[in-house]
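Q: I have a structure here, written as structure tokens, and I will follow up with some questions on it.
There are 2 protein chains.
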Amino acid sequence: MAHYIGPGKALDPEKYCIILPNQLGNGLSTSPHNIDGDQAMENFPALSIGDDVVAQYRLLSEKFNINQLQLVTGWSMGAQQTLEWAIRYPDMVKRAAPIAGTAQCTPHNALYVDVFCEALISDPAFNHGAYTDSHSCEMGLKRLAHVFALMGVSAELYKQQLWQRLGFESKQAFLEGFWEAWFKPMDPNALLVMARKWQRGDSSQHANNDLALALQSIKAKTFMIGFENDMFVPPADLLYEQKHIQHSELKLLPSLMGHFAMLGLFEEDFQAIDGLFSELLAS
Amino acid sequence: MAHYIGPGKALDPEKYCIILPNQLGNGLSTSPHNIDGDQAMENFPALSIGDDVVAQYRLLSEKFNINQLQLVTGWSMGAQQTLEWAIRYPDMVKRAAPIAGTAQCTPHNALYVDVFCEALISDPAFNHGAYTDSHSCEMGLKRLAHVFALMGVSAELYKQQLWQRLGFESKQAFLEGFWEAWFKPMDPNALLVMARKWQRGDSSQHANNDLALALQSIKAKTFMIGFENDMFVPPADLLYEQKHIQHSELKLLPSLMGHFAMLGLFEEDFQAIDGLFSELLAS
């Protein structure tokens, strides 16, 4: 998200107080490999999207004494958090822009998470999470990266060789320089904590497991933003939830970057997303 | 294909002489695990789609003295063979119905093949193809099955719980009773021979690697059949090739079974495909 923030952009720090918390377990915030004691490594507790949102709520209310948010936004698991925010604290969130994510993890996404986790934990070096060095799981991380390469961008991107626009000379260079380079430095246990959190994501629990009712409780003016060629979160999954949100619009962008259009690596994607932030903030 | 053949169906054996060859390396035809000698197991030679088609051609011309085919059809790798047939022997093939497959393997399909092969060969029991018993690779086969479960049918099928229509009581039962049950009995080396054959599929070699030119050489009346929610072979990939085939039509069916709609497990899919065979044969 950080590259969407700056003078002259919709998320202008000279105009707004902008807060970007890390999510729990992401390797920068409290995570399996950066703590000691009996919750370290493979013994790290399972987390929920709600755990993140409650921690963020406490940061805002107890530390900064903030009780109203002009906009809550986030991508992918950040979208899960955004919707959890809008459902959990409806009077606090004036506007919401979940991007390529849903309030309830879909069965297909749950399957996707299982597939990429299996790619990682089947590496003998993973050793049930009790590895000695995260880099020893390089083969598992590499296989996981390939699963992301398969569904993270559109099939059409590969056919049109649009990795050229990202500065790569071949598909193989794109696989290595983009996908493997993204995932190989990550910590396997941290990845798994986030993966399972993604998979368990379900804000319907705030309305007796009635997803429609949970979404109907949102008061925020909401732009449900998605990408037409997103294989993780296809437009149908967004429409399925958006139709229950009162003051909402479905905003679909056509990028061949699929789920990863949010990176804004294609200038037109960046401009379109920045434009939606502007439009929503002006309303 | 066998279930599309029968009295009263479009492919009526009382009306036509129907020949169904197995593909090389599929576990029934000559395959890594059913031969002895220095080409057995991990030493089995790499095969091409052309190897299948040439073997079939020789069967027809040398054994049966056939020099004209009313219809060539096949699904997935069978579609690759169908297009290879129509390009290689344009005067022999009067009608062609490739179903959910292309003359040239797409870069995204090639990546898909890599991902499911990695799931299999990373199983330590695989032992570079020199395993003692195919069932010892059960974990790798199971992971491969999950990759197929992820992209073989539509995401919407999982959300709408349409596995119920196939007789399963839960998503987990569908994963085990359909996908794992499909792949676990297979021989890993045979799967890899087929996978690499799929990946190398490229009929453009018959026209100096000019795919458009190769497709333009097809004389058969062609129905390029596909499935709207096919994540292996999306409609865009079919259209990309179909537009170069002179006497052709793109026929898209809407099934939520995705690539596996061809199984005809939903009665309406079966009827639609049978109907297309009828229409093409009547022309």
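Going line by line, the protein sequences match chains A and B.
If you read the first sequence in the working numbering, its first letter stands for residue 1, the second for the next number, and so on.
If you read the second sequence in the working numbering, its first letter stands for residue 1001, the second for the next number, and so on.
Glycine residues also receive a C-beta, built at the ideal position from the N, C-alpha and C atoms.
#1: From B/Val-1093 to B/Ala-1220, what distance separates their C-alpha atoms?
#2: Got a sec: is the Cβ-Cβ distance from B/Ala-1261 to anything in chain A below 7 angstroms?
#3: Does any CB atom of chain B fall closer than 7 angstroms to the CB of A/Tyr-112?
#4: Beta-carbon within less than 8 angstroms of A/Tyr-4's beta-carbon, same chain only, minus the 5 sequence neighbours each way: which residues are those?
#5: For B/Leu-1191, I'd like the list of residues in its chain whose CB is within less than 7 angstroms of its CB, leaving aside the five on either flank, ordered along the chain.
#6: Within 7 angstroms of any Cβ in chain B, is that where the Cβ of A/Pro-45 sits?
#7: Just to make sure I have the definition right: I need the residues of chain A whose C-beta is within less than 7 angstroms of the C-beta of B/Leu-1150. Which are they?
#8: My assumption, with CB atoms under 8 angstroms, is that B/Leu-1175 sits in contact with B/Leu-1256. Please give the rounded CB distance.
#9: If we cut at 7 angstroms on Cβ distances, does A/Trp-16 have a partner in chain B?
#10: Leaving out five residues before and five after B/Asn-1026 in sequence, what residues of the same chain have Cβ atoms less than 7 angstroms from its Cβ?
#11: Can you list, in chain order, the residues of its chain whose CB lies under 8 angstroms from that of A/Trp-75, leaving out five sequence neighbours each side?
#12: Closer than 6 angstroms by C-beta to B/Leu-1252: which residues in its own chain qualify, once you throw out the five before and the five after it? Chain order, please.
#13: Buried or exposed for A/Asp-289, going by 16 or more other Cβ atoms inside 10 Å?
#14: Considering only residues of the region 87-139 of chain A, which uninterrupted alpha helix (DSSP H) runs meet the minimum length of 4 residues and lie entirely inside it, listed in chain order?
#15: Might you give, ordered along the chain, the residues of its own chain that have their beta carbon closer than 8 angstroms to the beta carbon of A/Gln-246, omitting 5 neighbours on each side?
#16: Show which residues of chain B have a CB atom less than 7 angstroms away from the CB atom of A/Glu-156.
#17: Report the rounded CA-to-CA distance for B/Gly-1129 versus A/Val-113, giving the unit in angstroms.
#18: How far does the beta strand (DSSP E) with A/Met-224 in it extend, from its first residue to its last?
#19: Going by DSSP, what residue range makes up the alpha helix (DSSP H) through A/Leu-238?
#20: Could you tell me whether the Cβ of B/Glu-1180 comes closer than 7 angstroms to any Cβ of chain A?
#21: Per DSSP, which residues does B/Ser-1248 bridge with? Please list them.
#22: What residue from A/Gln-164, A/Trp-179, A/Phe-223, A/Leu-59 has the CA that sits closest to A/Ala-282's CA?
#23: Among the residues of its own chain, which have a CB less than 8 angstroms from the CB of A/Cys-137, if the five just before and after it don't count?
#24: Could you tell me the alpha carbon to alpha carbon distance between B/Ser-1061 and B/Asp-1051, rounded to whole angstroms?
#25: Mind checking whether B/Gly-1258 and B/Ser-1154 have CB atoms under 7 angstroms apart?
#26: Name the chain A residues whose beta carbon is nearer than 8 angstroms to that of B/Glu-1118?
#27: Between A/Cys-117 and the rest of its own chain, which residues show a CB-CB distance below 7 angstroms, the 5 nearest in sequence each way excluded?
#28: My guess is that B/Ser-1048 and B/Arg-1165 are in contact by the Cβ rule of under 8 angstroms, so how many angstroms apart are they, rounded?
#29: Terminal residues of the continuous alpha helix (DSSP H) containing B/Val-1153?
#30: Closer than 7 angstroms, CB to CB, is A/Pro-254 near chain B or not?
#31: Thinking C-alpha only, which one of B/Glu-1241, B/Met-1231, B/His-1244 is nearest B/Pro-1254?
#32: Please return the same chain residues whose Cβ sits closer than 7 angstroms to the Cβ of B/Ala-1069, not counting the five positions on each side in sequence.
A: The short version:
#1: Sequence index remark: in the second sequence, residue 1093 of chain B carries index 93 (1-based). Sequence index remark: in the second sequence, residue 1220 of chain B carries index 220 (1-based). Going from the Cα of B/Val-1093 to the Cα of B/Ala-1220 covers about 6 angstroms.
#2: For this step, residue 1261 of chain B is matched to residue 261 along the second sequence. Not closer than 7 angstroms to any Cβ of chain A, the Cβ of B/Ala-1261 fails to qualify, so no.
#3: Residue numbering aside, residue 112 of chain A sits at position 112 when the first sequence is read from its first letter. Chain B, which has a Cβ nearer than 7 angstroms to the Cβ of A/Tyr-112, makes this yes.
#4: In the first sequence, counting from the first residue as 1, residue 4 of chain A sits at position 4. Ala-10, Leu-11, Gly-264, Phe-270, Ile-273, Asp-274, Phe-277, listed in sequence order.
#5: On the second sequence, residue 1191 of chain B is found 191 positions in, with the first residue counted as 1. Same-chain partners within the cutoff: Leu-1120.
#6: If you number the first sequence from 1, residue 45 of chain A lands on position 45. It does not: the Cβ of A/Pro-45 has no partner Cβ on chain B nearer than 7 angstroms.
#7: Position 150 of the second sequence, counted from the start, is the residue given in the question as residue 1150 of chain B. Under the 7 angstroms cutoff, chain A gives Leu-111, Tyr-112, Val-115.
#8: Position 175 of the second sequence holds residue 1175 of chain B. Position 256 of the second sequence holds residue 1256 of chain B. At roughly 17 angstroms, the Cβ-Cβ gap does not stay under 8 angstroms, so B/Leu-1175 and B/Leu-1256 are not in contact.
#9: On the first sequence, residue 16 of chain A is found 16 positions in, with the first residue counted as 1. It should be noted that the sequence gives Tyr, not Trp, for residue 16 of chain A. No, A/Tyr-16 lies away from the interface with chain B (no Cβ there is under 7 angstroms from its Cβ).
#10: Residue mapping note: residue 1026 of chain B aligns to position 26 of the second sequence, counting from 1. Only Ala-1190, Met-1194 meet the Cβ criterion.
#11: Within the first sequence, residue 75 of chain A is the residue found at index 75, counting from 1. Within the same chain, A/Trp-75 has close Cβ partners Met-1, Ile-99, Ala-100, Gly-101, Met-262.
#12: By 1-based counting over the second sequence, the position of residue 1252 of chain B is 252. So the qualifying residues of the chain are Gly-1226, Glu-1228, Pro-1235.
#13: The structure shown does not extend to residue 289 of chain A, since chain A is modelled only from 1 to 283, so the question has no answer here.
#14: 107-121
#15: The residue given as residue 246 of chain A occupies position 246 in the first sequence. Excluding residues within five positions, the ones whose Cβ falls inside 8 angstroms are Gln-216, Ile-218, Lys-219.
#16: By one-based count along the first sequence, residue 156 of chain A stands at place 156. Simply Ala-1236.
#17: As a working note, residue 1129 of chain B is residue 129 in the second sequence. As a working note, residue 113 of chain A is residue 113 in the first sequence. Whole-angstrom Cα-Cα distance: 28 angstroms.
#18: Residue 224 of chain A sits at position 224 when you count from the first residue of the first sequence. Counting along the chain, the beta strand (DSSP E) containing A/Met-224 begins and ends at 221-227.
#19: Within the first sequence, residue 238 of chain A is the residue found at index 238, counting from 1. Start and end: 235-242.
#20: By one-based count along the second sequence, residue 1180 of chain B stands at place 180. False, the Cβ-Cβ gap to chain A never drops below 7 angstroms.
#21: Within the second sequence, numbered from 1, the residue matching residue 1248 of chain B stands at position 248. According to DSSP, B/Ser-1248 bridges with B/Thr-1222.
#22: Counted from its first residue, the first sequence places residue 282 of chain A at position 282. The shortest C-alpha separation from A/Ala-282 is found at A/Phe-223.
#23: On the first sequence, position 137 is the one that residue 137 of chain A refers to. Taken in chain order, the residues that qualify are Leu-120, Asp-123, Ala-125, Phe-126, Tyr-131, Pro-188.
#24: The residue you call residue 1061 of chain B lines up with position 61 of the second sequence. The residue you call residue 1051 of chain B lines up with position 51 of the second sequence. In a straight line, the C-alpha of B/Ser-1061 is about 15 angstroms away from that of B/Asp-1051.
#25: For the purposes of this step, residue 1258 of chain B is taken as the residue at position 258 of the second sequence. For the purposes of this step, residue 1154 of chain B is taken as the residue at position 154 of the second sequence. Yes; because the gap between Cβ atoms is below 7 angstroms, this pair is in contact.
#26: If you number the second sequence from 1, residue 1118 of chain B lands on position 118. The contacting residues are Ala-119, Arg-143, His-146.
#27: Sequence index remark: in the first sequence, residue 117 of chain A carries index 117 (1-based). Hits under 7 angstroms: Leu-192, Ala-195.
#28: For the purposes of this step, residue 1048 of chain B is identified with residue 48 of the second sequence, where counting begins at 1. For the purposes of this step, residue 1165 of chain B is identified with residue 165 of the second sequence, where counting begins at 1. That pair is no contact at about 37 angstroms.
#29: Numbered from its first residue, the second sequence carries residue 1153 of chain B at position 153. Element bounds for B/Val-1153: n/a, residue is neither H nor E.
#30: Here residue 254 of chain A is taken as the residue at index 254 of the first sequence, counted from 1. Answer no: the Cβ-Cβ gap between A/Pro-254 and chain B never drops below 7 angstroms.
#31: In the second sequence, the residue the question calls residue 1254 of chain B occupies position 254. It is B/Met-1231 whose Cα lies nearest to the Cα of B/Pro-1254.
#32: By 1-based counting over the second sequence, the position of residue 1069 of chain B is 69. Going by the sequence as given, residue 1069 of chain B is Leu instead of Ala. These residues qualify, in order along the chain: Met-1092, Val-1093, Lys-1094.
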